[in-house]
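Here is the structure we will look at.
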Amino acid sequence: MTTTTIERSREAEAFLDARQHTAPEVVSACEGWTAHEVTAHLAASAAEVTRHLEPYLDGQPVPRTRTFEEREPPYQALDDAALLRRLEVEEQKMRGVIARVLDREPDAAIPWTGRRMVVAKFLPHLRNEFAIHRWDFVGDDDTSTELLTQPELTEHAVSVLGPLLVRRGREHDPTPDEDFHVRLRADAAPDVRLVVESGQAGLQLTDQHADEPYVELDPAARTLVIWGRRPDQRGRFRSHVTQPTLTRLQAILSGY
-16 MTTTTIERSR EAEAFLDARQ HTAPEVVSAC EGWTAHEVTA HLAASAAEVT
34 RHLEPYLDGQ PVPRTRTFEE REPPYQALDD AALLRRLEVE EQKMRGVIAR
84 VLDREPDAAI PWTGRRMVVA KFLPHLRNEF AIHRWDFVGD DDTSTELLTQ
134 PELTEHAVSV LGPLLVRRGR EHDPTPDEDF HVRLRADAAP DVRLVVESGQ
184 AGLQLTDQHA DEPYVELDPA ARTLVIWGRR PDQRGRFRSH VTQPTLTRLQ
234 AILSGY
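Quick note, the sequence shown lines up with residues -16 to 239 if you use this note's numbering.
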């Protein structure tokens, strides 16, 4: 019997509510995707988590993680009303199977996209995805600011997804062989450091002060920038670095 209960997140609720008022053909900030494709991406992601965890619960091998191109087309092909219903079903099913795993093994970890993923971390991961992708078709509003300001979303993005969030951008790095250290500063929160050293790039959280180049953002804008987005409203992202440094920062943080 499962005793762990995982409620639907505020981020998922906000996404689903916003989609009720957003036409499927609205072009999103996620390159090449409309609101419909964004929704298909999230439904497929939730289903992929379930596809990994169900065999894990049964003591069977965990399958290879499918790419976006492999898992999303069946969801993209649905009409929008059916897709929204499917997202609700897949998200609920995912929460249920995560609860069953955590009830039995709180520290469980499984293979995921070529690495080990702590099962409990799927929860903040999907919260990030729902908040970011809601912003993709809604843009700056009070709900986006409230959701994207949450420090646990920043912590997850940096500590769990850091290398992934800079991998694509490194392909566009104008000076890839040069070391690089820039801080993304947001109010009194710990700084996020973008670091390139010995050819390896990543993100770090630090509350240690250092005299390093920095840019300044509000917390929600910083979450957007980490994920390769740019806030709609001017003035939320301020540079205290040279033009070449800002250019390189924006190239590396261009999404994944």
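All C-beta atoms in this analysis are idealised placements derived from N, C-alpha and C, irrespective of residue type, glycine included.
Residue i versus the options, residue with shortest Cα-Cα distance
i           : options               : result
residue 85  : 190, 96, 161 and 101  : 101
residue 227 : 202, 206 and 196      : 196
residue 178 : 124, -9, 170 and 161  : 161
residue -2  : 115, 156, 165 and 201 : 115
residue 113 : 154, 204 and -9       : -9
residue 156 : 118, 212 and 237      : 237
residue 218 : 200, 206, 8 and 211   : 200
residue 169 : 90, 133, 120 and 211  : 133
residue 42  : 68, 31, 64 and 93     : 93
residue 46  : 61, 30, 213 and 7     : 30
residue 158 : 229, 77, 89 and 48    : 229
residue 153 : 233, 216, 97 and 221  : 233
Classification of residue i by the beta-carbon crowding that lies within 10 angstroms, buried from 16 upward
i           : result
residue 174 : buried
residue 223 : exposed
residue 74  : buried
residue 183 : exposed
residue 5   : buried
residue 239 : exposed
residue 15  : exposed
C-alpha gap between residue i and residue j, whole angstroms
i           : j           : result
residue 13  : residue 122 : 11 Å
residue 58  : residue 208 : 28 Å
residue 23  : residue 70  : 8 Å
residue 164 : residue 119 : 28 Å
residue 108 : residue 72  : 18 Å
residue 151 : residue 56  : 22 Å
residue 99  : residue 137 : 20 Å
residue 180 : residue 186 : 11 Å
heavy atom of the ligand HEM below 7 Å from residue i C-beta
i           : result
residue 188 : The ligand HEM is absent from the structure shown, which contains no ligands of any kind.
Beta-carbon proximity list for residue i, same chain, < 7 Å, skipping 5 on both sides
i           : result
residue 128 : 203
residue 17  : 7, 8, 9, 10 and 11
For this session: Would you be able to state if there are at least three C-beta pairs under 8 Å between the segment 104 to 112 and the segment 138 to 147?
Result: Taking one beta carbon from each stretch, the segment 138 to 147 and the segment 104 to 112 have 3 or more pairs nearer than 8 Å; the two touch.
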